[in-house]
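A short worksheet on the structure shown next.
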Amino acid sequence: MSMIHEGAEPRVQRPERTGTARSVLMCRPEHFTVVYRINPWMDPQSPTDTALAVRQWEQLRRVYTDLGFDVQLIDPIPGLPDMVYAANGGFVIDNIAYGASFTYAERQPEGPAYMDWFRAEGFEVAVPENINEGEGDFLLVGDTILAGTGFRSATASHAELARISGRDVVSLSLVDPNFYHLDTALSVLDSTPGREHIAYLPGAFDEPSLAVLRERYPDAILVNDEDASVLGLNSFSDGYNVVIASRATDFERQLREHGYNPIGVDLSELLLGGGGVKCCTLELRR
Ligand code: ARG
423 MSMIHEGAEP RVQRPERTGT ARSVLMCRPE HFTVVYRINP WMDPQSPTDT
473 ALAVRQWEQL RRVYTDLGFD VQLIDPIPGL PDMVYAANGG FVIDNIAYGA
523 SFTYAERQPE GPAYMDWFRA EGFEVAVPEN INEGEGDFLL VGDTILAGTG
573 FRSATASHAE LARISGRDVV SLSLVDPNFY HLDTALSVLD STPGREHIAY
623 LPGAFDEPSL AVLRERYPDA ILVNDEDASV LGLNSFSDGY NVVIASRATD
673 FERQLREHGY NPIGVDLSEL LLGGGGVKCC TLELRR
């Protein structure tokens, strides 16, 4: 005989969210400008305002310190205007820093600069054999690393990182040049094993990759084109607080519905280089 419990109140599933303060690396955009074009957002003809970029970036840094994050800084190097996008400087897990090897010559010197910083800070550096742009294309979700390819990081780097990290690495193919790094198309909201939760822009992926995402993350938040086009997905979550582009209003609404606390920031100047919140943030996992 089976028991039927009648009249039970329907349960509203509003998951409990918990924020865990993170340790991150950032680079002040003192030399930020757009003088070359390596993604569709960049137009060397339109003027940039470095002082405004610094002010907006300082606002992001303040949000992080107010959240109790440990914010580390790497010195910006003159002539490397994209160095502000610290996410591309490597991928750090278990105190191992897998170094970046940039696709375009303009950014190549950033790889060794970030590796020097990791070494000086006591991380074990794995010098990369393959082209990869760090956390721009590698995102940790639970015990799995989601890895982007198509525009920047080579698939061979996915296997290399699997070897170095001992984690499963799942390759995802990006197809829209506006969303050339995985972190422009997909956001990790909760990375806690067993509670993995992400958001993504379906149109940024090829069909086989979409099938993988649907299967692994059936409850993912799907973000619309409008919010993705202000790099709304390029956000950083501590598991509860999600720092996002303030213009991504529908994503903000969906985050609230899912029990998160979205915090909007305006990085309009850094958007001119094709980057947002996440691009300016490299997580340091000791
Ligand atoms: N101008 C930079 C580039 O094209 C922007 C990098 C953005 N970083 C990111 N993690 N999506 O390389």
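Residues 423 to 708 in the working numbering are what the sequence shown lists, from first letter to last. Don't be surprised by glycine CBs; every beta carbon is placed ideally from N, CA and C. Note that the structure is predicted; figures quoted are calculated from it, not measured.
Around the C-beta of G533, are 16 or more other C-beta atoms found within 10 angstroms, so that it is buried, or is it exposed? By the neighbour-count rule (16 or more Cβ atoms within 10 Å), G533 is buried.
Closer than 6 angstroms to a non-hydrogen atom of the ligand ARG - does that hold for the CB of N510? Indeed, a heavy atom of the ligand ARG lies less than 6 angstroms from the Cβ.
Which same chain residues, not among the five before or five after P437, have their C-beta less than 7 angstroms away from its C-beta? If the five residues before and after P437 are omitted, its C-beta is found closer than 7 angstroms to the C-beta atoms of G681, all from its own chain and listed in chain order.
Between which two residues does the alpha helix (DSSP H) carrying G570 extend? If you look at G570, you'll find it isn't in any alpha helix (DSSP H); it sits in the beta strand (DSSP E) that goes T566 to T571.
By alpha-carbon positions, which one of D538, G512 and L561 ends up nearest to G552? Reading the sequence as shown, one finds Asn at residue 552 and not Gly. Among D538, G512 and L561, the Cα nearest to that of N552 belongs to G512.
Along the beta strand (DSSP E) that carries I460, what are the first and last residues, could you check? Segment: none, I460 is in no beta strand (DSSP E) and carries neither H nor E.
Three or more beta-carbon pairs under 8 angstroms between the segment 464–478 and the segment 515–528, yes or no? By the Cβ rule, the segment 464–478 does not count as touching the segment 515–528, because fewer than three pairs are nearer than 8 angstroms.
Measuring only the C-alpha atoms, how far is R678 from V664? Rounded to the nearest angstrom, the two C-alpha atoms are 10 angstroms apart.
Please classify D516: does DSSP put it in a helix, a strand, or coil? In the structure shown, D516 sits in coil (DSSP, three-state: anything other than H, G, I, E or B).
Hey, would you say G661 sits closer than 7 angstroms to T440, going by beta carbons? Cβ distance < 7 angstroms, so G661 and T440 count as in contact.
Identify which residue in V591, A542 and T577 has its Cα closest to the Cα of V563. Each of V591, A542 and T577 was checked against the Cα of V563, and the nearest Cα belongs to V591.
Got a sec? Which residues, its chain only, sit under 8 angstroms from D565 by beta carbon, not counting five neighbours each side? The residues are R589, D590 and P615.
Rounded to the nearest angstrom, what separates H580 and E557 at their Cα positions? Between H580 and E557, the C-alpha separation is close to 12 angstroms.
First and last residue of the uninterrupted alpha helix (DSSP H) at Y662: Counting along the chain, Y662 falls outside any alpha helix (DSSP H), and DSSP gives it neither H nor E.
Status (buried if at least 16 other CB within 10 Å, exposed otherwise) for V457: Classification for V457: exposed.
7 angstroms CB neighbourhood of T703 in its chain, flanking five on each side removed: Around T703: V446, M448, A508, A509 and F658.
Is it buried or exposed, S424, if we count other Cβ atoms within 10 angstroms and call 16 or more buried? Bear in mind that a pLDDT of 46 at S424, under 50, signals an unreliable position, so the number given afterwards is only what the model happens to contain. Flag for S424 reads exposed.
Would you mind giving the Cβ-Cβ distance between L568 and L596, rounded to the nearest angstrom? I have them listed as a contact below 8 angstroms. With 8 angstroms as the limit, L568 and L596 do not qualify as a contact, their Cβ atoms being about 11 angstroms apart.
Beta-carbon separation of D605 and N656 under 7 angstroms? With respect to the 7 angstroms criterion, D605 and N656 are classified as neighbours on the basis of their beta carbons.
With a threshold of 6 angstroms, establish whether the CB of T440 neighbours any heavy atom of the ligand ARG. No, Cβ of T440 sits at least 6 angstroms from all heavy atoms of the ligand ARG.
At a cut-off of 6 angstroms, is D605 close to the ligand ARG when judged by its beta-carbon and the heavy atoms of the ligand? Checking the Cβ of D605 against the ligand ARG gives yes.
Hey, out of P630, R675, P684 and L693, whose CA is closest to V652's CA? Ranking the options by Cα distance to V652, first place goes to L693.
Give the C-beta separation of E705 and V514 to the nearest angstrom, bearing in mind that I take them to be a contact with Cβ-Cβ under 8 angstroms. With a contact defined as Cβ atoms closer than 8 angstroms, E705 and V514 qualify at about 7 angstroms.
What is the residue span of the beta strand (DSSP E) that M385 lies within? Not covered by the structure: residue 385. The range shown for the chain is 423 to 708.
What does a CB cutoff of less than 6 angstroms around P550 pick up in its chain, not counting 5 residues either side in sequence? Within the same chain, P550 has close Cβ partners G521 and S523.
Cβ-Cβ separation, Q478 to D688 (assumed contact under 8 angstroms), whole Å: Yes, D688 and Q478 are in contact; Cβ-Cβ is about 6 angstroms, under 8 angstroms.
Secondary structure of N646, DSSP reduced to three states: If DSSP states are grouped into helix, strand and coil, N646 belongs with coil.
Classify S587: buried if its beta carbon has 16 or more other beta carbons within 10 angstroms, exposed otherwise. With 16 or more other Cβ atoms within 10 Å, it is buried.
Nearest candidate by alpha-carbon position, reference H603, set R617, L611 and C701: Comparing Cα positions, the closest option is C701.
Since S690 is in the alpha helix (DSSP H), which residue starts that stretch and which ends it? Segment S690 to L693, the alpha helix (DSSP H) holding S690.
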